[in-house]
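Student: What follows is a structure written as C-alpha cells; I'll ask about it next.
Residue numbers (the working numbering), protein chains in the order written: chain A, 1 to 392; chain B, 1001 to 1158.
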C-alpha cells in the first residue's frame, strides 16, 4: 500500500474577506500549494473540497474550481463533517492515495462564512447536533454545547474561568505572530474576564470567530515523491476517526469527548506512539472554544484526565513547555473558517516540521512528528492525524 | 443602505462594505427556511405530554430510549413498549444561552441543562431556576406550555 506525503501547501489570509468571492479565495491557497509542489493544475489527478457551505451562495465548489482553476474534467468530491470538514477532505485524499487510485490529489478547504449576516450564521451553526431535540425545542447554540462541557468540567475538577482565559491568551500571543491570522493582537486575563457571556460560563474571548478563509495541500504517493525527487515533504503517518452521538444527552459524561479519545487511540496505535507529549514536537488541537483545548489535552493523553486546565494554568503548552499547542494562534485567534480548518492544521504541521514557521512561533523539531486534532460539532466527528518527516 | 436604494444609487444591488469599501452584491433572492419533520413514529410521545406524562420507548430486550426511538439496533426489532419516565433525577450540567439565535430572540436568556433521570436515561431541556451548578443537584421534569402555545418539558430544581 502506498504512503501519502504532503508535497505542497497554501494558506489564505483568514478573517473578514469581503475583498474576494469564493473562487478567488480558493485560488489564493491553491496557487501557493501548486507553486510549492512545483505542479500545474493538469498534474492533479483527483481533488477534494472540504466545505460546509450552508451560509454561502455556491454549492458546487468543486465544479466552480474545476472551471476557475483548470481542473476539469478531473474527478472531485465535496466533503462535509461540520468543523472537521477539512480533515474529512484530507481523509478522502489520503485514502485515494493509499488505495492506489490516485498518485496526486489536491485537497482544498474553504469557507466563506461572511456571505451571510452574523445572526444567520449563529442560527445555522447552532443547528448542528440533534436539530430536532436540541435546537428546535431548546435553542441550543454552538457555544452552548461547549458551555455544557465547560460547566461540567469546572464543577468536577475545580477549573476556573481564569484557567480558560489562559488558553485564549496563548492563542492571541501566537496569533499576533502569524501573518495569516484573523486576530493579530495580544490580550490579557482582564480583557477575557471583562467580555460578555455568550453562553455561561463561556465569554466572548473564549470563542473562536466567524471567519472566511481557504487552505490547500497537495498529496502525493511514494511513487510520485520518488519520481519527482521531492525533497520538502511531510508524510501522513496515521489518522484516526471517530463519531459521537447527535444528542449530547446520549453521552456518558461532559468532561471529555469520547470520539476524540477513540480517534487518538487509533492514530497512536498506527503511528506506534506511546507517550505523545514526549514523542510529538507539537500539536494543533481544535480550540473552537477554550474548554475544547483543555479537553483535547486530556483526550490526546498530553496529561491525565482532570489535569488539562493545569497545563493551561502553568503555560505548559507554549513553545518550551511540555508540548507546544496551537502556536499558529489556533482557531481562536487564527480564525475558524469551518471547511478550511483541518487543512490549515495540515499546512501548519508541514510548516512546523520543515522549520518554515514564522519568527517567534517555530517549535523545536526533535522527533519530527506533529499532531492535528480536528473536531466536528461537539465531538460529533473527531479526526486525529499524525504527520511526520520520516516515512512510516 | 437598503437593496432598493442601492439599485437606485449604484444601478445594481451593490453596497460597498462599511469598513473596507469592497463592493458587495446583496442577493435579491431571499430564502426562508422551515422544515417539515415526520413525528409519526413517535406520536405517542406527544399524546403522553398532553396527559402530563414523559414517555420513552422500551424494547423487549430491555433497552430504554430517550429521546424515544422507533427501532432497536441491539435486537433489530421494532416492537417498542411506551413507558412513563419517573421525571426525577440529577442535574449533570448547565449553561445559560445569552447570545440567542434569531429564532429564539423573543425569549430572555435561557438556561439549558442535562439531567440523568432515575430511570437511567438523560434528558436535555430548559432549566427553570437559579442557574447555578452544584454536584448532586436534584431536579424534576415539569411539563409546561411554552410561549408559542404548545407543550414542552423543563427541568426544575427540587
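Virtual Cβ for every residue (Gly too), placed ideally from N, Cα, C.
Taking C-alpha atoms, which residue in A:323, A:76, A:123 and A:35 lies nearest to residue 1099 (chain B)?
Tutor: Position 99 of the second chain holds residue 1099 (chain B). Comparing Cα positions, the closest option is A:123.
Student: How about residue 96 (chain A) and residue 110 (chain A): do their beta carbons lie closer than 8 Å?
Tutor: Counted from its first residue, the first chain places residue 96 (chain A) at position 96. Counted from its first residue, the first chain places residue 110 (chain A) at position 110. No.
Student: If residue 232 (chain A) sits next to residue 369 (chain A), beta carbons under 8 Å apart, how far is it from one beta carbon to the other, in whole angstroms?
Tutor: Sequence index remark: in the first chain, residue 232 (chain A) carries index 232 (1-based). Sequence index remark: in the first chain, residue 369 (chain A) carries index 369 (1-based). About 17 Å separates the two Cβ atoms, so there is no contact after all.
Student: Excluding sequence positions up to five away, which residues of its chain have a Cβ less than 7 Å from the Cβ of residue 198 (chain A)?
Tutor: For the purposes of this step, residue 198 (chain A) is taken as the residue at position 198 of the first chain. Cβ neighbours of residue 198 (chain A) beyond the five flanking positions: 143, 204 and 207.
Student: To which residues does DSSP link residue 1024 (chain B) through a beta bridge?
Tutor: Residue 1024 (chain B) sits at position 24 when you count from the first residue of the second chain. Residue 1024 (chain B) is bridged to B:1015.
Student: Assuming residue 33 (chain A) contacts residue 338 (chain A) (C-beta within less than 8 Å), just tell me the rounded distance between them.
Tutor: Within the first chain, the letter at position 33 stands for residue 33 (chain A). Within the first chain, the letter at position 338 stands for residue 338 (chain A). So it is not a contact: roughly 19 Å between Cβ atoms.
Student: Which residues, taken in chain order from the region 118-142 of chain A, show a beta carbon closer than 7 Å to some beta carbon of chain B?
Tutor: Answer set for the region 118-142 of chain A: 119, 122, 123, 126, 132, 133, 134, 137, 138, 139, 140 and 141.
Student: Measure the Cβ-Cβ separation of residue 50 (chain A) and residue 86 (chain A) and say whether it is below 8 Å.
Tutor: What you label residue 50 (chain A) is simply residue 50 of the first chain in a count that begins at 1. What you label residue 86 (chain A) is simply residue 86 of the first chain in a count that begins at 1. Closer than 8 Å, so yes.
Student: Quick one: is residue 1043 (chain B) buried, meaning 16 or more other Cβ sit within 10 Å of its Cβ, or exposed?
Tutor: Here residue 1043 (chain B) refers to the residue found at position 43 of the second chain. Residue 1043 (chain B) should be labelled exposed.
Student: Anything in chain A within Cβ reach of residue 1013 (chain B), meaning under 9 Å, just list it in chain order.
Tutor: Stepping through the second chain from its first residue, residue 1013 (chain B) is reached at position 13. Those do not exist, as residue 1013 (chain B) stays about 13 Å from chain A at its closest Cβ, beyond 9 Å.
Student: Does the structure place the region 135-142 of chain A close enough to the region 358-367 of chain A that three or more beta carbon pairs sit under 8 Å?
Tutor: No: the two stretches stay apart, fewer than three of their Cβ pairs being nearer than 8 Å.
Student: In chain A, which residues lie less than 9 Å from residue 1027 (chain B) when you measure between Cβ atoms?
Tutor: To locate residue 1027 (chain B), count along the second chain from 1; it is residue 27. Correct list: 57 and 115.
Student: The alpha helix (DSSP H) with residue 101 (chain A) in it runs from where to where?
Tutor: Counting from 1 along the first chain, the entry for residue 101 (chain A) is found at position 101. Per DSSP, residue 101 (chain A) belongs to no alpha helix (DSSP H) and is neither H nor E.
Student: Tell me which residues share the same chain as residue 325 (chain A) and place their Cβ nearer than 6 Å to its Cβ, disregarding the 5 neighbours each side in the sequence.
Tutor: By one-based count along the first chain, residue 325 (chain A) stands at place 325. Here the set comprises 283, 285 and 317.
Student: Just tell me which of A:236, A:150, A:321 and A:344 has its CA closest to the CA of residue 254 (chain A).
Tutor: Locating residue 254 (chain A) in the first chain gives position 254, where the first residue counts as 1. Comparing Cα-Cα distances from residue 254 (chain A) to each of A:236, A:150, A:321 and A:344, the minimum goes to A:150.
Student: What distance in whole Å lies between the Cβ atoms of residue 44 (chain A) and residue 71 (chain A), which are believed to be in contact at a cut-off of 8 Å?
Tutor: Here the question's residue 71 (chain A) lines up with position 71 in the first chain. Here the question's residue 44 (chain A) lines up with position 44 in the first chain. Contact flag correct, Cβ pair sits at about 6 Å.
Student: Would you list, in chain order, the members of the region 184-202 of chain A that have their beta-carbon closer than 9 Å to a beta-carbon of chain B?
Tutor: Cβ contacts with chain B come from 196, 197, 198, 199, 200, 201 and 202.
Student: For residue 303 (chain A) and residue 311 (chain A), what's the separation of their Cα atoms in angstroms?
Tutor: Reading the first chain from its first residue, position 303 is the one you call residue 303 (chain A). Reading the first chain from its first residue, position 311 is the one you call residue 311 (chain A). Each residue's alpha carbon lies about 8 Å from the other.
Student: Whose Cβ in chain A lies nearer than 8 Å to the Cβ of residue 1006 (chain B)?
Tutor: Locating residue 1006 (chain B) in the second chain gives position 6, where the first residue counts as 1. Within 8 Å Cβ-Cβ: nothing; residue 1006 (chain B) doesn't reach chain A, min ~15 Å.
Student: Is residue 355 (chain A) buried or exposed, if buried means 16 or more other CB atoms sit within 10 Å of its CB?
Tutor: Numbered from its first residue, the first chain carries residue 355 (chain A) at position 355. Residue 355 (chain A) is exposed by the Cβ-count criterion.
Student: With a threshold of 8 Å between beta-carbons, can residue 178 (chain A) be considered close to chain B, or not?
Tutor: Reading the first chain from its first residue, position 178 is the one you call residue 178 (chain A). Not an interface residue.
Student: In terms of residue numbering, what span does the beta strand (DSSP E) encompassing residue 243 (chain A) cover?
Tutor: Taking the first chain and counting its residues from 1, one reaches residue 243 (chain A) at position 243. Taken as a continuous stretch (DSSP letters only), the beta strand (DSSP E) holding residue 243 (chain A) covers 234-243.
Student: Indicate the three-state DSSP secondary structure (helix, strand or coil) for residue 158 (chain A) in the structure shown.
Tutor: The count along the first chain starts at 1 and reaches residue 158 (chain A) at position 158. Coil, per DSSP.
Student: Any heavy atom of the ligand GTP within a distance shorter than 7 Å of the CB on residue 139 (chain A)?
Tutor: Annotation note on the ligand GTP: not contained in the displayed structure, which lists no ligands.
Student: State yes or no: is the C-beta of residue 249 (chain A) within less than 8 Å of the C-beta of residue 1124 (chain B)?
Tutor: For the purposes of this step, residue 249 (chain A) is taken as residue 249 along the first chain, with counting starting at 1. For the purposes of this step, residue 1124 (chain B) is taken as residue 124 along the second chain, with counting starting at 1. Result yes, Cβ atoms of residue 249 (chain A) and residue 1124 (chain B) sit closer than 8 Å.
Student: Would you check if there are 3 or more beta carbon pairs closer than 8 Å linking the region 1127-1147 of chain B to the region 164-176 of chain A?
Tutor: Not touching, per the Cβ criterion.
Student: Below 8 Å CB to CB, which residues in the same chain sit around residue 1145 (chain B) once its five sequence neighbours on both sides are set aside?
Tutor: As a working mapping, residue 1145 (chain B) is identified with position 145 in the second chain. Taken in chain order, the residues that qualify are 1151 and 1152.
Student: Step through the CB atoms of chain E and report whether any lies within less than 8 Å of the CB of residue 1017 (chain B).
Tutor: Structure shown: chain E not included; protein chains present are A and B.
Student: For residue 355 (chain A), decide whether its Cβ has a neighbour in chain B, counting only Cβ atoms nearer than 8 Å.
Tutor: Taking the first residue of the first chain as position 1, residue 355 (chain A) is located at position 355. So no, residue 355 (chain A) is outside the interface.
Student: Which chain B residues are close to residue 151 (chain A), counting only those with a beta carbon under 8 Å from its beta carbon?
Tutor: In the first chain, counting from the first residue as 1, residue 151 (chain A) sits at position 151. Within 8 Å Cβ-Cβ: 1093, 1094, 1095 and 1133.
Student: Judging by CA-CA distance, which residue of A:299, A:251 and A:329 is the nearest neighbour of residue 209 (chain A)?
Tutor: The sequence position of residue 209 (chain A) within the first chain is 209, counting from 1. The shortest C-alpha separation from residue 209 (chain A) is found at A:329.
Student: If you drop the 5 nearest sequence neighbours on each side, which residues of the same chain put their C-beta closer than 6 Å to that of residue 29 (chain A)?
Tutor: For this step, residue 29 (chain A) is matched to residue 29 along the first chain. Answer for residue 29 (chain A): 10, 11, 12, 214, 215 and 216, listed in chain order.
Student: Where residue 60 (chain A) and residue 227 (chain A) are concerned, what is the direct C-alpha to C-alpha distance, given to the nearest angstrom?
Tutor: For the purposes of this step, residue 60 (chain A) is taken as the residue at position 60 of the first chain. For the purposes of this step, residue 227 (chain A) is taken as the residue at position 227 of the first chain. Their backbone Cα atoms lie some 33 Å apart in a straight line.
Student: Distance check for residue 54 (chain A) and residue 1024 (chain B), CA to CA, integer angstroms please.
Tutor: The residue you call residue 1024 (chain B) lines up with position 24 of the second chain. The residue you call residue 54 (chain A) lines up with position 54 of the first chain. When rounded, the distance between both Cα atoms is 19 Å.
Student: Per DSSP, residue 1154 (chain B) forms a beta bridge with which residues?
Tutor: Reading the second chain from its first residue, position 154 is the one you call residue 1154 (chain B). Answer by DSSP bridge pairing, in chain order: B:1126 and B:1142.
Student: Which residue wins for smallest C-alpha separation from residue 271 (chain A), given the options A:194, A:385, A:245 and A:195?
Tutor: If you number the first chain from 1, residue 271 (chain A) lands on position 271. That would be A:385, whose Cα lies nearest to the Cα of residue 271 (chain A).
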